[in-house]
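Everything on this sheet refers to the single structure shown next.
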Amino acid sequence: MSGTAAKIGLGADLFDTTGRPMFGPAPLSLFSDAGLAWDVVPVKGGQMPPEAFADYEALFIGGAKVSDAELKGESGRLRVIARNGVGYDAIDTSALNMRGILLTNTPIPVRYAVGSIAVAFILALSLRMPLKSRLAREGRWRERGNYPGVGLPGRTLGIVGLGGIGRELVRLMQPYGMTILAADPHVGSAAAADVGVELCSLEELMKRSDFVVVACLLNEETRHLLNRTRLALMKPTAYLINVARGPIVEEEALIAALREERIAGAALDVFEQEPPDPANPLFAMDNVISTAHCLCWTDTFLDAVARDAITGIINVIQGRLPDFIVNSEAKTHPRVRAWSGAA
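Going by my numbering, 307 is the number at position 277 of the sequence shown; the sequence numbering is gapless.
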């Protein structure tokens, strides 16, 4: 704990197994500089205890779930929940709006960080890096010529979701000489053309792409967006990459497509169930790269995300509206107007 009064609650899932903040100690100095205290709040089974929503003016959370049921004991003190990241599919924004509680996220550092891991996955798959690493470690040097990679120039990249991460991925992939498609019902053709992308239907994207990258938010519209039917549209030589949220892809259908060699492979930083079952068939597949929803966690990324989240919390405690408010409807709630002085 730091400071003179416990007004801020930090989710325990923001700390590593040694008790050290994953983002390092430096961002926490922003709280002490502002004369604010912070406590660590337990997170068990992805949930905070109900009293957390009554005891604090602000909560800084990792992946904790926030539902209407958990907010029922909320005392009227809580002003803001700051999400360490950009996705908020585990948070009931309607329940927050009803109570006048702001939700913030940190989209700016996330764009490059997640875009860059999509690039890393594309390169690793195209170069067949896991297989070639195994050849070296297993002394199979003579087999090098059996497994050429896939050159990217002239190939087609399809991006599902042309938001901040999708647009950053477009920028990062410009030097590779690929045709870039995007499917996003919330983006117009002119806006897509402005960033050098051909907008098309999701079905056309799945058919034409050599690499499909999932980069959209998870919501009821996108849950199982890439289902058995849409996965069946992919080329047998194509790869699927998911850097967004696991449930956007129907995992059982993906496993079947990989087993039956209807697609060439996949790279996944996210899974339908997290943490996934260690017996998940995806982990036994040689044509799948799996990481633990943490590949973008670099020192600079974690520091930047924490600083943005903490700065937003400090603004709220000091009576100012923060940047990056997810649920803008809550700004008009009488409770928010009371502490922010908004007309």
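Note that beta-carbon positions come from the ideal geometry of N, C-alpha and C, so glycine has one too.
Quick caveat: nothing in here was measured; it's all calculated off a predicted structure.
query                                                                                                                                                                              : result
Since L155 and Y269 are thought to touch, with beta carbons under 8 Å apart, how far apart are those beta carbons, to the nearest angstrom?                                        : 5 Å
Rounded to the nearest angstrom, how far is the Cβ of L132 from that of V366, given a contact under 8 Å?                                                                           : 7 Å
Below 7 Å CB to CB, which residues in the same chain sit around V225 once its five sequence neighbours on both sides are set aside?                                                : R197, V200
Do I111 and L89 count as a contact pair if the criterion is CB distance below 8 Å?                                                                                                 : yes
Compute the beta-carbon to beta-carbon distance between N257 and E280, rounded to the nearest angstrom, for a pair I have assumed lies under 8 Å.                                  : 5 Å
If we require 3 or more residues per run, which beta strand (DSSP E) segments fall completely within the segment 283-315?                                                          : 295-298
With distances taken between CB atoms, is the gap from V70 to D43 smaller than 8 Å?                                                                                                : no
Output needed for L332: all residues of its chain with C-beta closer than 6 Å, excluding positions within five of it in sequence on either side, in chain order.                   : M52, F53
Whole angstroms is fine: what's the gap from D353's alpha carbon to A220's?                                                                                                        : 28 Å
So, using beta-carbon positions, are G142 and V356 closer together than 8 Å?                                                                                                       : For clarity, residue 142 is Tyr in the given sequence; the question names Gly instead. Not a contact, by the Cβ cut-off of 8 Å.
Would you mind reading off the limits of the beta strand (DSSP E) that contains R113?                                                                                              : 110-113
Helix, strand or coil for N135, going by three-state DSSP, please let me know.                                                                                                     : coil
Can you tell me where the alpha helix (DSSP H) holding S59 begins and where it ends?                                                                                               : 59-63
Report the rounded CA-to-CA distance for T34 versus E302, giving the unit in angstroms.                                                                                            : Any answer about T34 is weak, because its pLDDT of 43 lies below 50 and its placement is not dependable; what the coordinates show is given next. Going by the C-alpha atoms only, they are around 42 Å apart.
Going by beta-carbon coordinates alone, are L192 and A212 separated by less than 8 Å?                                                                                              : yes
How is the alpha helix (DSSP H) around L332 delimited, first residue to last?                                                                                                      : 329-347
Indicate whether the contact test is met: 3 or more Cβ pairs, each with one atom in the segment 284-295 and one in the segment 312-321, closer than 8 Å.                           : yes
Restricting to runs no shorter than 3 residues, where is the beta strand (DSSP E) found entirely within the segment 193-238?                                                       : 209-213
Compare the beta carbon distance of G194 and P137 with 8 Å and say whether it is the shorter of the two.                                                                           : yes
Give me whichever residues DSSP pairs with S320 in a beta bridge.                                                                                                                  : L298
Please report the distance separating the alpha-carbon of V116 from that of G169.                                                                                                  : 43 Å
Hey, is A82 close to the ligand MN, as in C-beta under 7 Å from one of its heavy atoms?                                                                                            : With respect to the ligand MN, the structure offers nothing, as it holds no ligand at all.
Considering just the uninterrupted stretch of the beta strand (DSSP E) at N127, what are its terminal residues?                                                                    : Note, N127: premise wrong, no beta strand (DSSP E); alpha helix (DSSP H) at 123-129.
Who are the near neighbours of P306 in its chain, counting only those whose CB is closer than 6 Å to its CB and skipping five residues on each side?                               : none
Please name the residue or residues paired with N272 in a DSSP beta bridge.                                                                                                        : V244, L298
Go ahead and label A56 buried or exposed: buried means 16 or more other beta carbons lie within 10 angstroms of its beta carbon, across all protein chains shown.                  : exposed
Can you confirm whether the segment 91-99 touches the segment 75-83 when touching is taken to mean that 3 or more C-beta pairs between the two stretches lie within less than 8 Å? : yes
For T123, which residues from the same chain have a beta carbon less than 7 Å from its beta carbon, with the 5 sequence-adjacent residues on both sides left out?                  : L133, V356, N357
According to DSSP, is A120 helix, strand or coil?                                                                                                                                  : coil
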